[in-house]
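Residue numbers (UniProt numbering): 1 to 70.
We treat Cβ as the ideally placed atom computed from N, Cα and C, and that holds for glycine.
Heads up, the thing below is written out as C-alpha cells.
The structure is reproduced here in C-alpha cells:
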C-alpha cells in the first residue's frame, strides 16, 4: 500500500530519512529513492541528498507515511 509513497523513517542513530519507498522485505530492509537524510551532529543539523538507498531493517525505529515534517 505504501510502495511508491513518500515515507519518513526514524533510525536508531541520530538520523531521520525521507524518501519514496521502492520496496521492502520480511526483515523491513527498505529501498528508497529521492532520499533526504537529516542527521543531528555536534555542529548542528546536516542534510544529505541521495538518489537511492538501501536501509537495514535492524536500524529502523519508526516508519510513517503521514505528516512528513522533519
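(message) Going by DSSP in three states, residue 4 sits in which element: helix, strand or coil?
(response) In the chain shown, residue 4 corresponds to position 4, counting from 1. Coil, per DSSP.
(message) Between 5, 1, 10 and 2, which has its C-alpha nearest residue 60's C-alpha?
(response) For the purposes of this step, residue 60 is taken as the residue at position 60 of the chain shown. Considering only alpha carbons, the answer is 10.
(message) Can you tell me where the beta strand (DSSP E) holding residue 24 begins and where it ends?
(response) One-based indexing of the chain shown puts residue 24 at position 24. Element bounds for residue 24: 15 to 24.
(request) Pull up the DSSP beta-bridge partners for residue 44, would you. (result) Position 44 of the chain shown, counted from the first residue, corresponds to residue 44. In DSSP, residue 44 forms a bridge with 41.
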